[in-house]
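Report on the following structure.
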Ligand code: BG6
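In the numbering used here, the protein residues as written are 101 to 586.
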């Protein structure tokens with residue numbers, strides 16, 4: 101068994117096929133991410149990237165290179181220029197594919213493998229990675245086509261984008277569709293939150309220090325919050341969003357994954373199996389969500405947004421209390437919140453510690469609410485930081501307590517030159533065949549399973565003003581505690 105997250109050489113030679121190559125995700129994240137990996141010297145010695153899309157989006161190789169260049173102009177940290185860009189662009193090509201006729205794509209893959217072979221290594225040693233950045237409706241037909249055309253053969257791998265279903269039945273059906281062509285060891289369900297340095301750092305923070313793990317449990321922690329408010333509205337994504345809502349878009353995928361890292365027991369190693377087994381045990385221990393512990397909000401004006409059903413019942417924010425019923429966490433509420441058009445754009449985990457006996461300080465003045473500042477605050481938006489908020493004695497003749505903090509920040513502590521964006525790390529790991537930061541079929545199904553009551557009998561949506569923290573019930577949900585972000 102391998103014992104560590106891959107740290108060795110670059111991946112072997114690869115053909116990467118981007119389904120949905122003309123779409124938004126490819127433009128914003130995938131093409132810029134691949135270019136950045138190439139600039140960072142992390143792509144294989146020899147690789148080709150083939151864009152693919154249905155015939156109505158067909159383009160020439162040159163057009164695809166121009167499309168990639170314009171995507172990188174807009175979204176890359178390193179602008180597409182000079183030898184670095186020319187080298188990258190020379191490896192791009194385009195092959196149309198439809199379930200009825202995959203032959204142009206098959207030919208493009210064969211040509212790319214031949215080109216790699218001609219450049220030094222035999223085609224047999226070339227890995228194939230299919231990245232399916234396609235809408236859910238196209239998913240089954242694309243996977244089926246990969247199987248029937250023979251493109252999936254050997255050890256070809258597939259990266260799958262969320263949503264991984266919309267409920268338990270659809271998630272199972274989706275997993276069955278995928279498993280009919282790719283066994284689980286070749287499936288990489290991508291959740292870009294797990295590619296964030298600061299989320300991975302939760303493991304380092306907890307398990308590489310003797311300081312925190314001993315108190316990381318119900319004896320010391322009163323509550324955990326995973327709070328991901330966004331100021332963005334749903335602009336340009338009405339059709340997707342109105343059919344999806346905040347719970348499915350953010351909580352089922354991203355927030356539960358973060359919860360898995362915060363709540364898991366120490367894995368025996370960082371390899372995929374032990375790490376994902378521990379995350380799986382957390383999901384197994386989740387209590388089914390009780391709808392009395394859910395607030396669904398909808399921002400005022402949402403129903404009149406273009407493309408939204410004027411009577412839409414879709415939540416644009418959601419707050420949920422969940423419980424992990426195991427020895428470590430029994431009785432500790434986990435509050436998850438996310439939504440659009442909220443007061444701030446943040447990504448924060450807060451662990452609140454139990455109040456100590458403060459008797460000796462009661463007779464004295466204090467400038468902060470007593471016992472309310474014992475918190476560890478992990479800000480996992482790139483580049484990320486960790487704060488410990490605590491009470492200290494203020495200078496002066498009296499014992500006056502004041503709230504203060506100790507802070508680690510990635511920006512100030514480490515050079516950021518090696519930092520990779522979530523998608524970049526995850527694509528690299530997929531090429532290396534490392535599944536540790538990808539979600540597994542059973543984990544996804546379990547999260548849908550505990551969500552059943554909420555999905556079938558959701559509480560009504562409550563209106564909130566854009567730019568606030570959601571409807572007032574959001575504060576009632578967390579009482580007697582309070583949101584760290586408020
Ligand atoms: C996506 C959601 O998965 O994550 C979006 O579909 C959300 O609605 C986005 O805005 C947030 O991720 P990040 O890390 O890019 O802020």
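Think of the CB as a built atom: it goes at the ideal place given N, C-alpha and C, for glycine as much as any other residue.
(1) Mind checking which residues open and close the alpha helix (DSSP H) that includes residue 556?
(2) Could you tell me whether the stretch 284-298 touches the stretch 508-527, where touching means 3 or more Cβ pairs closer than 8 Å?
(3) Take residue 479 and list the residues in its own chain whose beta-carbon comes closer than 6 Å to its own, dropping the five residues that flank it on each side.
(4) Cutting at 8 Å between CB atoms, please list the residues of its own chain near residue 171, excluding the five before and the five after it.
(5) Measure the beta-carbon distance from residue 383 to residue 547 and round it to whole angstroms, keeping in mind my assumption that it falls under 8 Å.
(6) Quick one, which of 160, 134, 444 has its alpha-carbon nearest residue 148's?
(7) Using the beta-carbon count (16 or more within 10 Å), is residue 653 buried or exposed?
(8) If residue 435 sits next to residue 421, beta carbons under 8 Å apart, how far is it from one beta carbon to the other, in whole angstroms?
(9) Quick one: any contact between the stretch 232-247 and the stretch 268-284, if contact means 3 or more CB pairs under 8 Å?
(10) At which residues does the alpha helix (DSSP H) containing residue 531 begin and terminate?
(11) For residue 354, verify whether its CB is less than 8 Å away from any heavy atom of the ligand NAP.
(12) Compare the C-alpha of residue 450 against each of 574, 333, 322, 261 and name the closest.
(13) To which residues of the same chain is residue 222 closer than 8 Å at the C-beta, ignoring the five residues directly before and after it?
(14) Is it right to say residue 361 is buried, meaning 16 or more other beta carbons lie within 10 angstroms of its own, or is it exposed?
(15) For residue 359, report the span of its alpha helix (DSSP H) as first-last.
(16) Using CA coordinates, which residue listed in 549, 233, 573 is at the minimum distance from residue 268?
(17) At a cut-off of 8 Å, is residue 133 close to the ligand BG6 when judged by its beta-carbon and the heavy atoms of the ligand?
(18) So residue 135 is in the alpha helix (DSSP H); what residue range does that whole segment cover?
(19) Using 8 Å as the Cβ pair cut-off and three pairs as the minimum, do the stretch 351-370 and the stretch 381-395 touch?
(20) Go ahead and pull the three-state DSSP assignment for residue 274.
(21) Provide the residue span of the alpha helix (DSSP H) that contains residue 510, from first to last.
(22) Within 10 angstroms of its Cβ, does residue 410 collect 16 or more other Cβ (buried), or is it exposed?
(23) When the distance is taken between beta carbons, is residue 180 closer than 9 Å to residue 143?
(24) Give me whichever residues DSSP pairs with residue 494 in a beta bridge.
(25) Which one of 555, 370, 562 has the shortest CA to CA distance from residue 534?
(26) Taking 6 Å as the limit between beta carbons, can you name the residues of its chain near residue 339, skipping five residues before and five after?
(27) Within its chain, find whatever has a CB closer than 6 Å to the CB of residue 259; leave out the 5 residues flanking it on each side and keep chain order.
(28) Between 564, 270, 510, 452, which has its C-alpha nearest residue 296's C-alpha?
(29) Under 9 Å between the Cβ atoms of residue 358 and residue 302?
(30) In its own chain, which residues sit with a C-beta less than 8 Å from the C-beta of residue 553, not counting the 5 before and 5 after it?
(31) Considering only the beta carbon of each residue, do residue 401 and residue 418 sit closer than 9 Å?
(32) From the DSSP output, in three-state form, read off residue 254 for me.
(33) Residue 476 bridges to which residues according to DSSP?
(34) With DSSP collapsed to three states, give me the class of residue 177.
(35) Given that a residue counts as buried once 16 or more other Cβ atoms are within 10 Å of its Cβ, and exposed if not, what is residue 275?
Taking the definition as stated:
(1) Residue 556 -> alpha helix (DSSP H) spans 552-556.
(2) As far as the Cβ criterion goes, the stretch 284-298 touches the stretch 508-527, which means the pair count is three or higher.
(3) The beta carbon of residue 479 sits closer than 6 Å to the beta carbons of 448, 485 from its chain, once the five residues preceding and following it are set aside; these are given in chain order.
(4) If we look at residue 171 and ignore the five residues flanking it on each side, its Cβ neighbours are 126, 127, 128, 131, 132.
(5) For a cut-off of 8 Å, the C-beta gap from residue 383 to residue 547 is around 6 Å, short enough to register as a contact.
(6) Here the closest residue by C-alpha is 134.
(7) With the chain represented from 101 up to 586, any question about residue 653 goes unanswered, as that position is not in the structure.
(8) Indeed, because the Cβ distance is near 6 Å, the residues count as touching under 8 Å.
(9) Touching, yes, given that three or more Cβ pairs across the two stretches are closer than 8 Å.
(10) First-last of the alpha helix (DSSP H) with residue 531: 522-532.
(11) As far as ligands go, the structure on display features the ligand BG6 and does not contain the ligand NAP.
(12) The shortest C-alpha separation from residue 450 is found at 322.
(13) Confidence in residue 222 is poor, its pLDDT being 48 and thus under 50, which makes the residue's placement unreliable; the coordinate value appears in the next sentence. For residue 222, where only same-chain residues beyond five positions count, there are no Cβ hits under 8 Å.
(14) So residue 361 counts as buried.
(15) From DSSP, the alpha helix (DSSP H) with residue 359 extends over 356-363.
(16) It is 549 whose Cα lies nearest to the Cα of residue 268.
(17) Taking non-hydrogen atoms of the ligand BG6 into account, the C-beta of residue 133 is found less than 8 Å away from none of them.
(18) Start and end: 131-139.
(19) In this structure the stretch 351-370 lies against the stretch 381-395, because at least three pairs of beta carbons, one per stretch, are closer than 8 Å.
(20) Residue 274: helix per DSSP, three-state reduction.
(21) From DSSP, the alpha helix (DSSP H) with residue 510 extends over 510-513.
(22) With fewer than 16 other Cβ atoms inside 10 Å of its own Cβ, residue 410 counts as exposed.
(23) Cβ distance not < 9 Å, so residue 143 and residue 180 don't count as in contact.
(24) Beta-bridge pairing links residue 494 to 500.
(25) Comparing Cα-Cα distances from residue 534 to each of 555, 370, 562, the minimum goes to 370.
(26) The beta carbon of residue 339 sits closer than 6 Å to the beta carbons of 407 from its chain, once the five residues preceding and following it are set aside; these are given in chain order.
(27) For residue 259, same chain residues with a beta-carbon under 6 Å away, outside a window of 5 residues either side, are 231, 288, 290, 530 in chain order.
(28) With distances taken between Cα atoms, residue 296 lies closest to 510.
(29) One thing to note: residue 358 has its Cβ within 9 Å of the Cβ of residue 302.
(30) The residues are 388, 389, 390, 391.
(31) Contact flag unset, no.
(32) Three-state DSSP puts residue 254 in coil, outside helix and strand.
(33) Residue 476 pairs with 451, 488.
(34) In the displayed model, residue 177 falls within coil according to three-state DSSP, outside both helix and strand.
(35) That one is buried.
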